[in-house]
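Student: For the sequence shown, our numbering begins at 431 and goes up steadily by one. For every residue, glycine included, the Cβ atom is placed at its ideal position computed from N, Cα and C.
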Amino acid sequence: MTTHKTERVLLLGIDLGTARTAVMSNRQFKGLVHTVVGYPKDIIGVKILNRTQVVGAEAIEKRSLLDLYYPLQDGMLKEASEKDLDAARELLQQVVAMATPAAGDKVCGIIAIPARAALSNKGQLLKLMDGIMDTAALVAAPFMVAYGQDRLSNALIIDVGAGTIDLCAMRGTIPGPDQQLSIFKGGNYIDGLLEAAIRDGHSGVHVDRYLAQAIKERYGFVGQPEQRVVVPLRIHGKPAEVDVTEAIRVTCETIVADIVEGIKRMLLQFDPECQAAALTNLVLAGGGARIRGLGPMIENDLREYGEVKVTVSSEPEFAAAAGALKLATELPPEYWDQIGDVVSR
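Dropping the structure here:
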């Protein structure tokens, strides 16, 4: 492949995630936004915010004033109502605007999506992108992780997102459906379990899924804890120091067995003589890759298969977006239909 160079084309690599969306550009921009749009509940909210919509972290922070819409569910575009589609469109517009396209720019982007997104869902997403970008391609997120790290052969990618955990067997070709697997658990699943576990363990404690998510993202681990995790919460409205160590460990470990079984299934996609190499080339990406001890636990649970090595991406939340941008810069947009579904104008 030859590097695609042009002065007036803004190239984007986007990882459209259930909880967060990452975007990178060929002009050195890199950003992360919560995949949520909020609309004021009433005229008071409009007056306080002086806006009719709020996107990202601010929407979560000011959620008491807003009705929140998460455009993606289980890694898929939610199509339950027109408002959901409006929220998806506004989020995508905001993501592109974050990269500050200049007047006259042609905006072209590769969007990483869950490994086995339904064909109808892809069509709806492409329809939303029409008018937001000049050319947009949808490509499987774990494939983009592999591409970004030059792990294109005898590698197995595990992309741990909020809605799904996507696995992809890289065998030196563009992966087909049989080489990809989606597990419908992820960060959101852990958050729900953690919220319930904290409630069950501490009568009268005040906790919601946003607080549970923040606790998991800061302290999440599997295996033996490095130290006890004690967090400030409120019980019956009063401040309290609450030990959540066991709740975090147990809930974070709920995804490990599914990941290990997924790896075992994907391993069979490799030729027998390549399986040992693939097992030493497992790559963790996505926000869930930051769970402490996840890589070593996976290695331990697969020890009967021989030598196993798990590598955690250096910036796991940006791994798929970085790969998408790399592909966008190396493959001219007129050839993107060879690697994914495309809309162009």
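Is the region 725-732 close to the region 601-611, with three or more CB pairs under 8 Å?
Tutor: no
Student: Would you identify the three-state DSSP class for Gln-610, choosing helix, strand or coil?
Tutor: strand
Student: For Met-696, which residues in the same chain have their Cβ closer than 8 Å to its Cβ, ignoring the five residues on either side in sequence?
Tutor: Leu-586, Leu-597, Cys-598, Ala-599, Gln-609, Leu-611
Student: Given this structure, state the Cα-to-Cα distance separating Gly-534 from Val-439, to the nearest angstrom.
Tutor: 9 Å
Student: Check this for me: beta carbons of Phe-651 and Arg-722, under 7 Å apart or not?
Tutor: yes
Student: Output yes or no for whether 7 Å exceeds the beta carbon distance between Lys-756 and Gly-539.
Tutor: no
Student: Around the Cβ of Arg-664, are there at least 16 other Cβ atoms within 10 angstroms (buried) or fewer (exposed)?
Tutor: Label assigned to Arg-664: exposed.
Student: Kindly indicate the opening and closing residues of the alpha helix (DSSP H) around Ala-487.
Tutor: Where Ala-487 is concerned, the enclosing alpha helix (DSSP H) stretches over 487-491.
Student: Is the region 489-508 in contact with the region 516-528, if contact means three or more CB pairs nearer than 8 Å?
Tutor: yes
Student: Residues in the same chain with beta-carbon distance under 7 Å from Ala-627, minus the five sequence neighbours each way, listed in chain order, please.
Tutor: Ala-677, Val-680, Thr-681
Student: Ends of the alpha helix (DSSP H) at Leu-515?
Tutor: 512-528
Student: Less than 7 Å between the C-beta atoms of Asp-580 and Val-773, yes or no?
Tutor: no
Student: Could you check whether Phe-748 and Ala-452 sit closer than 7 Å to each other, using their CB atoms as the reference points?
Tutor: yes
Student: For Ile-478, does the count of other Cβ atoms within 10 angstroms reach 16, so buried, or fall short, so exposed?
Tutor: exposed
Student: What whole-angstrom Cβ distance do Gly-692 and Ile-613 have, given they're in contact under 8 Å?
Tutor: 6 Å
Student: Just to confirm the assignment, what range does the beta strand (DSSP E) spanning Asn-584 have?
Tutor: 583-590
Student: Please classify Gln-643 as buried or exposed, where buried requires at least 16 neighbouring CB atoms within 10 angstroms.
Tutor: buried
Student: Could you check where the alpha helix (DSSP H) with Lys-477 kicks off and where it finishes?
Tutor: 473-479
Student: Could you tell me whether the Cβ atoms of Gly-593 and Gly-616 are closer together than 7 Å?
Tutor: yes
Student: Any idea what DSSP makes of Leu-446, helix, strand or coil?
Tutor: coil
Student: Check whether the Cβ of Leu-582 sits closer than 6 Å to any heavy atom of the ligand NAP, and report yes or no.
Tutor: For the structure depicted, the ligand NAP is absent and the ligand set is empty, with no information on it obtainable.
Student: Between the Cα of Val-526 and the Cα atoms of Ile-769, Gly-443, Leu-712, which residue gives the shortest distance?
Tutor: Gly-443
Student: Report the partner residues of Ser-455 according to the DSSP bridge assignment.
Tutor: Leu-442
Student: Assuming Val-740 and Leu-698 make a contact with CB atoms under 8 Å, what is their CB distance in whole Å?
Tutor: Incorrect: roughly 19 Å between the Cβ atoms, too far for contact.
Student: Is Val-463 close to chain C, meaning its C-beta is less than 7 Å from at least one C-beta of that chain?
Tutor: Although the question refers to chain C, the structure presented lacks it and comprises just one protein chain.
Student: For Pro-726, name the three-state secondary structure that DSSP assigns.
Tutor: helix
Student: When you compare only the Cα positions, how much space is there between Met-528 and Lys-668?
Tutor: 40 Å
Student: From Leu-495, Val-738, Ile-490, pick the residue whose C-alpha is nearest to that of Met-473; which is it?
Tutor: Per the sequence shown, the amino acid found at residue 473 is Ile instead of Met. For Ile-473, the nearest C-alpha among the options comes from Leu-495.
Student: Using the Cα positions of Arg-648 and Val-484, report the straight-line distance between them to the nearest angstrom.
Tutor: 25 Å
Student: Using beta-carbon positions only, say whether Asp-771 and Leu-568 come within less than 7 Å of one another.
Tutor: It is a contact, given that the beta carbons lie within the stated cut-off.
Student: Judging by CA-CA distance, which residue of Ala-571, Pro-662, Thr-684, Asn-618 is the nearest neighbour of Ile-543?
Tutor: Ala-571
Student: In the DSSP assignment, find the alpha helix (DSSP H) that holds Tyr-500 and state where it starts and stops.
Tutor: Note, Tyr-500: premise wrong, no alpha helix (DSSP H); not H, not E.
Student: At what residues does the beta strand (DSSP E) containing Cys-704 begin and finish?
Tutor: Per DSSP, Cys-704 belongs to no beta strand (DSSP E) and is neither H nor E.
Student: Which value, in whole angstroms, describes the spacing of the CA atoms of Thr-448 and Lys-557?
Tutor: 19 Å
Student: What does the Cβ neighbour count give for Lys-646, buried or exposed, with the cut at 16 atoms within 10 Å?
Tutor: buried
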